[in-house]
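Report on one structure; see the data block that follows.
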Amino acid sequence: MMNRRTLLQGLVAGGGASLLLRSLATGLPLSFLLDPSRARADDPPPVRSVLLILNEDGDPFNANCPGSYVEGVTHHPDLVKTEVKLGAHTSHAAPGWKALLEGNPGLGDRMAIIHHATHAVAHNQYPSVLTLQGAAKGEEGNGEECLPTLLAQALFTPGTHIQREPIALAPAPLTSLGNPLPSYDPYSLQQLFSPVSSPGDLAFLTDEGMVEARAKTLDALYAQARASGRPTQKRFLERYATSREEARQLADKLRADLASLPAPDEEGFTYPAQVTAALALLRANVSPVVTLSLPFGGDNHNDAGLGRELEETTLGLGAIALIWQKLHDMQLQDTVTLASLNTFGRSLAMAGLTGRNHNPDHHAMLLIGPRVRGGVYGGPVNDGKRFGAGAFDPATGVVSPGAAIQPGQSLVAAGRTLAAAAGLTSAQLDKRIAGDALVTGALLG
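In this note's numbering, the protein residues as written are 1 to 445.
See below:
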């Protein structure tokens with residue numbers, strides 16, 4: 001994990017706290033504040049972002065999600081089979097899923113669960129899973145690239161985003177061009193907003209401080225635009241600058257979100273702080289992709305009675321509700337896609353409630369976003385030895401032995417579907433992710 005001194009070094013070296021504050025106060029992209037001469041005369045492409053839930057442990061999310069309640073699968077007695085509806089699909093899941101969907105109107109229409117196999121048997125194979133077992137390619141269409149990095153590269157918008165690499169707010173084996181990427185403590189973002197001279201003093205995030213920052217920044221930029229004689233700069237300012245009232249409202253939200261990030265809970269979980277920090281980074285367009293980790297039972301080989309699985313399933317679903325609510329609070333619900341990808345799922349059938357082992361044959365991807373059609377696609381089947389992901393129809397999601405998406409190509413299908421939902425074009429998909437498998441039913445349009 002990185003500390004304040006190394007967090008987003010490019011920003012910090014250029015007065016990062018002040019720069020990020022001015023971007024949020026004015027509504028102007030960080031890259032424009034760094035170089036106003038790069039203003040575009042035309043409208044930039046729409047900003048699209050991805051929030052990825054990554055977990056190297058490989059948790060039992062796959063055991064309790066919609067579509068996994070089939071005969072022979074073992075569940076904690078309290079996680080009883082409960083009917084849920086995603087889009088037009090009726091399925092069954094743990095009770096918390098029903099509460100999540102009923103408590104957050106509209107979520108079910110934008111949520112898909114894609115059952116697939118990662119083909120990984122050990123934790124150290126997570127880097128291979130993140131390259132979709134080699135199917136995710138570099139920018140020239142060759143070699144291999146980590147999927148979060150691929151998405152960040154493809155969604156990066158010059159003049160809007162600052163960096164082309166994803167930002168990890170929890171440990172994850174992310175790479176870019178073969179080089180490891182750091183992960184950051186979410187509390188470091190909070191410190192970025194603290195004046196270097198007096199860390200912890202967030203007084204300038206008052207209404208007056210935010211409005212003053214807006215006024216000073218815009219005055220200076222308008223003066224520079226007049227001096228440079230570039231009309232595109234002035235038009236850019238007029239298009240994107242926020243009003244005084246918007247600046248005041250933003251100050252209120254920033255104080256609530258960043259001035260006091262939730263402390264880790266008794267178990268050491270920092271996911272509420274990760275969620276808040278991640279969405280603040282996406283809101284500021286620092287990177288198109290931010291990753292975090294949520295609790296869903298962890299590496300629960302020795303989870304006697306599945307008590308940890310029960311507790312963390314509740315926590316994890318609460319975290320998804322928190323993300324959904326904050327996306328709306330920050331008006332990001334139509335630009336951010338949320339997805340999950342672990343090393344593997346966990347074993348589904350158990351002789352007793354003694355814990356779950358690694359399952360290379362079944363994993364479930366959560367996919368939520370503005371271009372996602374709600375539904376359950378695929379599901380577990382028992383081959384006589386253990387449960388694995390079954391073949392399924394890409395349009396309907398119905399499991400059938402002869403269906404188009406076979407288990408061997410299901411990881412690539414899930415990855416390509418995530419990329420398409422995030423906004424990659426067909427040409428980008430064909431160049432960057434090998435194969436043609438796509439869960440078409442999970443995509444709008």
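Beta carbons are placed, not taken as given, at the ideal position from N, Cα and C, and that holds for glycine. Every value quoted in this text rests on a predicted model; they were computed, and no experiment measured them.
- Using a Cβ distance threshold of 9 Å, H362 and G402 do not count as a contacting pair.
- Two segments are said to touch when three or more pairs of C-beta atoms, one from each, lie closer than 8 Å; by this definition the region 321-334 does not touch the region 81-91.
- The bridge partners DSSP lists for T175 are P180.
- Rounded to whole angstroms, A421 and S176 show a C-alpha spacing of 22 Å.
- Judged by DSSP in its simplified three-state form, F392 adopts strand.
- Of the residues assessed, V372 falls on the buried side of the cut-off, its CB having 16 or more other CB atoms within 10 angstroms.
- By the neighbour-count criterion, in which 16 or more other beta carbons inside 10 Å mark a residue as buried, D436 falls on the exposed side.
- CA-to-CA, the gap between G352 and R308 works out to about 15 Å.
- Shown here, V376 sits in a strand according to DSSP, grouped into three states.
- Below 8 Å, enough C-beta pairs join the region 266-283 and the region 160-172 to call them touching: three or more.
- Of all alpha-carbon atoms in L332, D219, S293, the one lying nearest the alpha-carbon of P272 is that of S293.
- A direct Cα-Cα distance of roughly 44 Å separates D299 from L33.
- Cβ neighbours of Y126 within its own chain (closer than 6 Å, five residues either side excluded): E56, P173, T343.
- I433 is bridged by DSSP to A136.
- Cβ-Cβ separation between A94 and T313: approximately 6 Å, consistent with a contact (criterion under 8 Å).
- Per the Cβ contact rule, the region 128-135 is not in contact with the region 96-112 (fewer than 3 Cβ pairs under 8 Å).
- The DSSP-derived three-state label of F61 is helix.
- Judged by DSSP secondary structure, S347 falls outside any beta strand (DSSP E); it is assigned neither H nor E.
- Short of 8 Å from the beta carbon of P360, and not among the five residues preceding or following it, lie these beta carbons of its own chain, in chain order: A117, T118, H119, A120, V121, F344.
- Here A215 carries a helix assignment [DSSP, helix/strand/coil].
- Within the same chain, and ignoring the five residues on either side of D59 in sequence, the residues whose Cβ sits closer than 6 Å to its Cβ are F296, G297, G298.
- Closest in C-alpha terms to Q153, from the list A419, A391, S400, T440, comes A419.
- The alpha-carbon of P66 is positioned some 16 Å away from that of G318.
- In the DSSP annotation of this structure, S400 is not part of any beta strand (DSSP E), being labelled neither H nor E.
- Taken through DSSP and simplified to helix, strand or coil, E83 comes out as strand.
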